[in-house]
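Participant:
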Amino acid sequence: MFQHHTTEVVQLFPERPQITLTTYVAGTDKSLRFNDKRRAILILPGGGYSGCAAIESEPIAHHFLAAGFNAFVLEYTTTSTGSPLWPTPLIDASAAMKYIRDHADELHVDPNYVFVIGFSAGGHLAAALGTMWDNDEIEKLLGMEKGYNRPTGMILSYAVTSKAIHGHTRSFAKILGDDRSKESGDAVSPELQVSEKTCPAFIWHTRTDPGVLVQNALVFAKALADHEIPFEMHIYPEGPHGLSLNNDVVGRNYPAANQWTWDSVRWMKSIEV
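To get my numbering, take the position in the sequence shown, counting from 1, and add 689.
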């Protein structure tokens with residue numbers, strides 16, 4: 690539920706004006722208790738690191754805004770906006786987290802509860818943020834204290850998580866450029882970067898996804914389990930790649946996967962720090 694929400698497009702880097710954060714902030718009428726400081730969610734659309742898909746941008750923001758969260762959509766670095774070489778997209782996502790927490794009061798956000806959700810290639814970036822947030826170079830570059838860019842939790846929607854046999858070759862080719870070494874590939878493969886510092890996760894996928902195979906979800910969940918990181922996972926029996934909200938708003942309707950939108954809301958509201 691929300692009333693008279695405001696939307697603003699913020700440029701995170703003056704020298705790279707194409708990297709933007711679009712804010713969706715609920716109205717602040719004092720009589721509406723549900724508009725007190727809200728939990729926040731950073732949205733990373735998919736697009737194979739070739740662009741950011743509209744179907745996984747504003748519709749997602751409106752869903753979570755109505756569910757009681759303030760939402761933020763990041764237009765991060767892709768091949769259509771500049772050099773795709775890692776770690777630029779991770780810097781973008783970290784800068785978005787910093788902006789949300791720096792401006793928590795004016796955005797009516799509780800800075801202790803800033804989640805991230807990513808779809809497909811954006812899911813790779815969300816998983817990278819959840820596993821690789823502890824980066825001294827990024828902290829120095831952005832002038833932030835350790836842990837300031839760590840999400841409270843991550844939602845991985847049919848996410849690319851592994852460069853191994855079940856990986857998504859196109860996404861990794863974009864972020865690695867001409868460097869195809871195993872060492873570089875391992876460094877950007879979230880399943881191999883899980884540690885005790887990794888944030889909790891909500892994972893959902895469909896068994897029949899032909900674009901990003903379900904094994905991506907399974908190997909990442911195993912890595913979380915091996916490191917005793919809390920997670921919830923849902924593998925739905927059918928549905929193609931790119932379901933987004935999986936409803937009429939986005940032109941998708943696979944009933945088996947309908948519950949992810951509200952399961953993820955319940956999960957985020959269950960997290961306490």
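Virtual Cβ for every residue (Gly too), placed ideally from N, Cα, C. For clarity, every value in this text was computed on a predicted model and none was experimentally measured.
What span of residues does the beta strand (DSSP E) with M833 cover, start to end?
Facilitator: Residue 833 sits at position 144 when you count from the first residue of the sequence shown. It is not in any beta strand (DSSP E) - M833 carries neither H nor E in the DSSP assignment.
Participant: Would I918 pass as a contact of T887 if the rule is Cβ separation under 7 Å?
Facilitator: Against the sequence shown, residue 918 aligns to sequence position 229. Against the sequence shown, residue 887 aligns to sequence position 198. Going by C-beta atoms, I918 is nearer than 7 Å to T887.
Participant: Identify the residues that DSSP records as bridge partners of T712: which are they?
Facilitator: Your numbering for residue 712 matches position 23 in the sequence shown. DSSP lists E697, F761 as partners of T712.
Participant: What residues in its chain sit with their C-beta under 8 Å from that of N801, if we drop five residues either side in the sequence?
Facilitator: By one-based count along the sequence shown, residue 801 stands at place 112. Here the set comprises T841, V962.
Participant: Comparing C-alpha positions only, which one of N824, H694, P734, G736 sits nearest to G963?
Facilitator: Nothing can be reported for residue 963: it is not among the residues displayed for the chain, which extend from 690 to 962.
Participant: Over the uninterrupted alpha helix (DSSP H) stretch that includes I749, give me the two end residues.
Facilitator: Looking up residue 749 in the sequence shown gives position 60. I749 -> alpha helix (DSSP H) spans 747-755.
Participant: Based on Cα-Cα distance, which residue from H792, R705, E747 lies nearest to Y765?
Facilitator: Here residue 765 is taken as the residue at index 76 of the sequence shown, counted from 1. Here the closest residue by C-alpha is R705.
Participant: How should G812 be labelled, buried or exposed, when 16 other C-beta atoms within 10 angstroms of its C-beta is the threshold for buried?
Facilitator: Here residue 812 is taken as the residue at index 123 of the sequence shown, counted from 1. Buried, by the Cβ-count rule.
Participant: Hey, I732 and V762: beta-carbon distance below 7 Å or not?
Facilitator: The sequence position of residue 732 within the sequence shown is 43, counting from 1. The sequence position of residue 762 within the sequence shown is 73, counting from 1. For I732 and V762, yes; Cβs fall inside 7 Å.
Participant: Measuring straight from C-alpha to C-alpha, what distance separates Y943 and W951?
Facilitator: Along the sequence shown, read from residue 1 onward, the residue named residue 943 stands at position 254. Along the sequence shown, read from residue 1 onward, the residue named residue 951 stands at position 262. Each residue's Cα considered, the two are about 15 Å apart.
Participant: Can you give the beta carbon distance from R941 to S953, rounded, assuming they're within the 8 Å contact cut?
Facilitator: Counting from one through the sequence shown, the residue named residue 941 turns up at place 252. Counting from one through the sequence shown, the residue named residue 953 turns up at place 264. Their Cβ separation, rounded to whole angstroms, is 16 Å, which puts R941 and S953 out of contact at 8 Å.
Participant: Kindly indicate which three-state DSSP category S783 falls into: helix, strand or coil?
Facilitator: As a working note, residue 783 is residue 94 in the sequence shown. DSSP places S783 in helix when its eight states are reduced to three.
Participant: Let me confirm a value: S698 is counted as buried when at least 16 other C-beta atoms fall within 10 Å, else exposed. Which label applies?
Facilitator: The sequence position of residue 698 within the sequence shown is 9, counting from 1. The question names Ser, yet the displayed sequence has Val at residue 698. Exposed is the call here.
Participant: For L774, name the three-state secondary structure that DSSP assigns.
Facilitator: Reading the sequence shown from its first residue, position 85 is the one you call residue 774. Of the three classes helix, strand and coil, the one that applies to L774 here is coil, per DSSP.
Participant: Per DSSP, S846 forms a beta bridge with which residues?
Facilitator: In the sequence shown, counting from the first residue as 1, residue 846 sits at position 157. S846 is bridged to F808, W893.
Participant: Relative to the C-alpha of K641, which residue among F758, G819, M833 is closest?
Facilitator: There is no way to answer for residue 641, as the model of the chain reaches only from 690 to 962.
Participant: Looking at S739: is its Cβ nearer than 7 Å to the Cβ of T768?
Facilitator: Sequence index remark: in the sequence shown, residue 739 carries index 50 (1-based). Sequence index remark: in the sequence shown, residue 768 carries index 79 (1-based). Yes, the Cβ-Cβ distance between S739 and T768 is below 7 Å.
Participant: Do V901 and V849 have their CB atoms nearer than 7 Å?
Facilitator: The residue you call residue 901 lines up with position 212 of the sequence shown. The residue you call residue 849 lines up with position 160 of the sequence shown. The answer is yes: Cβ separation under 7 Å.
Participant: Who are the near neighbours of P899 in its chain, counting only those whose CB is closer than 8 Å to its CB and skipping five residues on each side?
Facilitator: Your numbering for residue 899 matches position 210 in the sequence shown. Answer for P899: P929, H930, listed in chain order.
Participant: Can you have a look at A743 and say buried or exposed, based on whether 16 or more other CB atoms are within 10 angstroms of its CB?
Facilitator: What you label residue 743 is simply residue 54 of the sequence shown in a count that begins at 1. Per the 10 Å Cβ criterion, exposed.
Participant: State buried or exposed for A914, treating a residue as buried only when at least 16 other CB atoms are found within 10 Å of its CB.
Facilitator: By 1-based counting over the sequence shown, the position of residue 914 is 225. With fewer than 16 Cβ atoms within 10 Å of its Cβ, A914 is classed as exposed.
Participant: Near K835, which residues of its chain fall below 8 Å by C-beta distance, leaving aside the five closest residues on each side in sequence?
Facilitator: Walking along the sequence shown from the start, residue 835 turns up at place 146. For K835, where only same-chain residues beyond five positions count, the Cβ hits under 8 Å are D823, E828.
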